[in-house]
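Numbering (my numbering), first residue to last: 1238 to 1480. Structure, as C-alpha cells:
Following this line, the structure appears as C-alpha cells:
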C-alpha cells in the first residue's frame, strides 16, 4: 500500500501526490501579485513589531525626543536638542528619536557623544534618506503605527522640541494616550516657550473654553526652556516606575 506523510497529514493509496512541499515551493515562482495583498501586508506588519520588540526589549529607561527634521545645525533648537541628549544620557536614559536629520540628529548626537544609548526609529518616506549617523541603534519602519507603538512602549516620557506636522502628530498621539489612560505616569514636556506658548494658549482659551477638553487635560503638558527641569521631570517619572 502506498503511503506518504505530508507534514502532519498522512496520504494513502490514490490520495498520495507525486511531489513534495519543498519541490513546489522551489520549482515555481508563480504570480507575484500576492506580495501586494492585505494578508501579506499583515505579515510585514507583524515582522515590524517582532523586529522592534526584539531590538528594544532590553533598552532600559528611555526618553523619546521629537522635533523638526528641518532644524538647521546652527539653530538654537539644534543646540538645545544636542544638550538635552547629552544630559539625558548622563542621567542614565537611552534617547529615542525618529532617526532623521535636524532636531532628531541633534538629540542622537548628544546622547551618543555622552556615551549613552542613541536610538533612531526611522520611517520610509519619499524625501528622506535613512537614519542619521548618530543613531547607534537603528530600526527602519514601513508603517507609522508600528513605529509609534515602539516610541510609546519603550519610552518613559516625551520631550518635544520645536517641530512641524510630524512632531505635532507625535505630540497629540501622546496626549490622547495619556488623556484616555492608555499610558500612565507619562510626562510630556514642550521645550521652547516662545514656540509652543501660542499652541497652549489656543488649547486653553479656545479648546478648553468651549468644553472640547477639560481644563485639567492641560496639566499633562509642561512648557519650559530649562533643560534641567526637563531631565528632573523625566527622573521623577522613572522613580515612579521603579516603585
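We put the beta carbon where it would ideally sit given N, CA and C, even for glycine.
Can you check which of these residues, 1379, 1444 and 1388, is closest to residue 1301 by C-alpha distance? To locate residue 1301, count along the chain shown from 1; it is residue 64. The residue with the shortest Cα to Cα distance from residue 1301 is 1388.
Please classify residue 1425: does DSSP put it in a helix, a strand, or coil? As a working note, residue 1425 is residue 188 in the chain shown. Assigned with DSSP and collapsed to three states, residue 1425 falls in strand.
Among residues of its own chain, excluding the 5 on either side of residue 1348, which ones have a beta-carbon nearer than 6 Å to its beta-carbon? Numbered from its first residue, the chain shown carries residue 1348 at position 111. The answer, listed in chain order, is 1322, 1326, 1332 and 1355.
Which same chain residues, not among the five before or five after residue 1394, have their C-beta less than 8 Å away from its C-beta? Here the question's residue 1394 lines up with position 157 in the chain shown. Only 1300, 1301, 1423, 1424, 1425, 1426, 1470, 1471 and 1474 meet the Cβ criterion.
Spatial distance of residue 1319 from residue 1367 (CA atoms): Position 82 of the chain shown, counted from the start, is the residue given in the question as residue 1319. Position 130 of the chain shown, counted from the start, is the residue given in the question as residue 1367. Those two C-alpha atoms are separated by around 20 Å.
Endpoints, the alpha helix (DSSP H) within which residue 1381 is located: Mapped onto the chain shown, residue 1381 falls at position 144. If you look at residue 1381, you'll find it in the alpha helix (DSSP H) that goes 1381 to 1391.
Do residue 1304 and residue 1314 have their CB atoms nearer than 8 Å? Translated into positions along the chain shown, residue 1304 becomes position 67. Translated into positions along the chain shown, residue 1314 becomes position 77. Against a cut-off of 8 Å, the Cβ pair of residue 1314 and residue 1304 comes out as a contact.
Count the other C-beta atoms from every protein chain shown that fall within 10 angstroms of the C-beta of residue 1458, then say buried if there are 16 or more, exposed otherwise. The residue you call residue 1458 lines up with position 221 of the chain shown. The residue is buried, with at least 16 neighbouring Cβ atoms inside 10 Å.
Exposed unless 16 or more other CB atoms sit within 10 angstroms - verdict on residue 1285: By one-based count along the chain shown, residue 1285 stands at place 48. Buried, since its Cβ has 16 or more Cβ neighbours within 10 Å.
Suppose the cutoff is 8 Å on Cβ atoms and the five residues either side in sequence are ignored; what does the same chain contact list for residue 1437 look like? Indexing the chain shown from 1 puts residue 1437 at position 200. Counting only residues of its own chain and dropping the five nearest sequence neighbours on each side, residue 1437 has a CB closer than 8 Å to the CB of 1427, 1455, 1458 and 1460.
Quick one: Cα of residue 1335 to Cα of residue 1359, how far? The sequence position of residue 1335 within the chain shown is 98, counting from 1. The sequence position of residue 1359 within the chain shown is 122, counting from 1. Using only the alpha carbons, I get a separation of about 5 Å.
Are residue 1408 and residue 1397 touching if we call contact CB-CB under 8 Å? Taking the first residue of the chain shown as 1, we reach residue 1408 at position 171. Taking the first residue of the chain shown as 1, we reach residue 1397 at position 160. Here residue 1408 is near residue 1397, since their CB atoms are less than 8 Å apart.
Determine the closest residue to residue 1462 out of 1324, 1296, 1432 and 1292, with distance taken between C-alpha atoms. By one-based count along the chain shown, residue 1462 stands at place 225. Ranking the options by Cα distance to residue 1462, first place goes to 1432.
Where do the ends of the alpha helix (DSSP H) carrying residue 1358 lie? Indexing the chain shown from 1 puts residue 1358 at position 121. Where residue 1358 is concerned, there is no enclosing alpha helix (DSSP H), although the beta strand (DSSP E) it sits in stretches over 1355 to 1360.
From the DSSP secondary-structure annotation, give me the bridge partner or partners of residue 1302. Reading the chain shown from its first residue, position 65 is the one you call residue 1302. Partner(s): 1396.
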